[in-house]
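Comments concern the structure below.
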Amino acid sequence: MNDRPKENHTVNDADKRYALFTQLLVANESQVRWFLRGLLPTWDDVQEVLQTASVVAWSKFDHFEEGTSFGAWLLTIARFEALKYRRGMARSPLIFTDEVWDLVAEEMDDEEYQDERRQHLQACLQKIESVDREILLKVHQTGVVTKGVARELGKSEQAFYKFIQRLRRRLRDCMSQAMATEK
12 MNDRPKENHT VNDADKRYAL FTQLLVANES QVRWFLRGLL PTWDDVQEVL
62 QTASVVAWSK FDHFEEGTSF GAWLLTIARF EALKYRRGMA RSPLIFTDEV
112 WDLVAEEMDD EEYQDERRQH LQACLQKIES VDREILLKVH QTGVVTKGVA
162 RELGKSEQAF YKFIQRLRRR LRDCMSQAMA TEK
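Residue numbering for the sequence shown follows our numbering, beginning at 12 and increasing consecutively.
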């Protein structure tokens with residue numbers, strides 16, 4: 012029998028605060044990811060900036076007022092981190108002026124614009140065959156490794172990546188057309 016006294020495992024305030032932060036971050040990560048994708052050229056850039064923004068948000072979480080919009084607060088941090096990251100990409104041929112980035116960020120931050128994009132995305136996704144749609148949605152889930160899905164489906168990585176790129180292009184073209192006809 013163990014003679015040591017039982018320890019009291021109550022959750023302290025720091026643990027509660029961290030749990031709250033994690034919950035809010037997970038709930039808003041997708042929105043921030045899509046927001047950043049509108050500002051940055053690649054998904055790798057998005058991932059890098061999202062990680063940096065998450066670390067910055069945690070370091071400033073003591074300044075966040077509970078009851079206010081965590082999503083809006085995190086989007087602001089992500090926007091500034093994206094601008095900082097973009098300045099560091101000075102060698103890239105896809106550099107826009109600060110005014111262009113400000114306009115894009117304002118439009119991407121607009122809730123009405125986000126709702127409109129979601130509606131168009133849903134409509135465009137419905138135009139893709141159900142099997143292809145399921146595969147496309149699967150590779151965009153957090154934690155899913157594209158190589159694994161390719162293996163699962165018995166396809167070579169290269170062929171699978173090309174297939175996914177074609178689906179993404181169809182989706183992007185559909186959304187661009189839908190957004191353009193609405194303006």
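Where is the CB? At the ideal position from N, CA and C, for every residue including glycine.
Only a predicted model underlies this, so the values are computations on that prediction, with no experimental measurement involved.
{"Item": "Comparing C-alpha positions only, which one of 39, 53 and 173 sits nearest to residue 65?", "Value": "39"}
{"Item": "Count the other C-beta atoms from every protein chain shown that fall within 10 angstroms of the C-beta of residue 43, then say buried if there are 16 or more, exposed otherwise.", "Value": "buried"}
{"Item": "Determine the closest residue to residue 139 out of 156, 159 and 184, with distance taken between C-alpha atoms.", "Value": "184"}
{"Item": "Tell me where the alpha helix (DSSP H) around residue 141 begins and ends.", "Value": "141-150"}
{"Item": "Helix, strand or coil for residue 95, going by three-state DSSP, please let me know.", "Value": "helix"}
{"Item": "On the DSSP letters alone, give me the boundaries of the alpha helix (DSSP H) that residue 59 sits inside.", "Value": "54-70"}
{"Item": "Looking at C-beta atoms only, is the number of pairs between the stretch 172-183 and the stretch 54-69 that lie closer than 8 Å three or more?", "Value": "no"}
{"Item": "Roughly how many whole angstroms lie between the Cα atoms of residue 70 and residue 29?", "Value": "11 Å"}
{"Item": "Can you tell me where the alpha helix (DSSP H) holding residue 24 begins and where it ends?", "Value": "24-50"}
{"Item": "Do you know offhand how far residue 127's Cα is from residue 134's?", "Value": "11 Å"}
{"Item": "When DSSP labels each residue in this structure, what does residue 174 get in the three-state scheme?", "Value": "helix"}
{"Item": "Since residue 148 contacts residue 182 with CB under 8 Å, what's their CB separation in whole angstroms?", "Value": "Actually they do not touch by this definition, with Cβ atoms about 11 Å apart."}
{"Item": "For residue 79, name the three-state secondary structure that DSSP assigns.", "Value": "coil"}
{"Item": "In the DSSP assignment, the alpha helix (DSSP H) including residue 158 goes from what residue to what residue?", "Value": "157-163"}
{"Item": "What do you get for residue 164, buried or exposed, if any count of 16 or more other CB atoms within 10 angstroms of its CB means buried?", "Value": "exposed"}
{"Item": "Have a look at residue 27 and residue 79 and give me their C-alpha separation to the nearest angstrom.", "Value": "18 Å"}
{"Item": "Quick check: what's the CA-CA separation for residue 94 versus residue 143?", "Value": "35 Å"}
{"Item": "Taking 6 Å as the limit between beta carbons, can you name the residues of its chain near residue 161, skipping five residues before and five after?", "Value": "168 and 171"}
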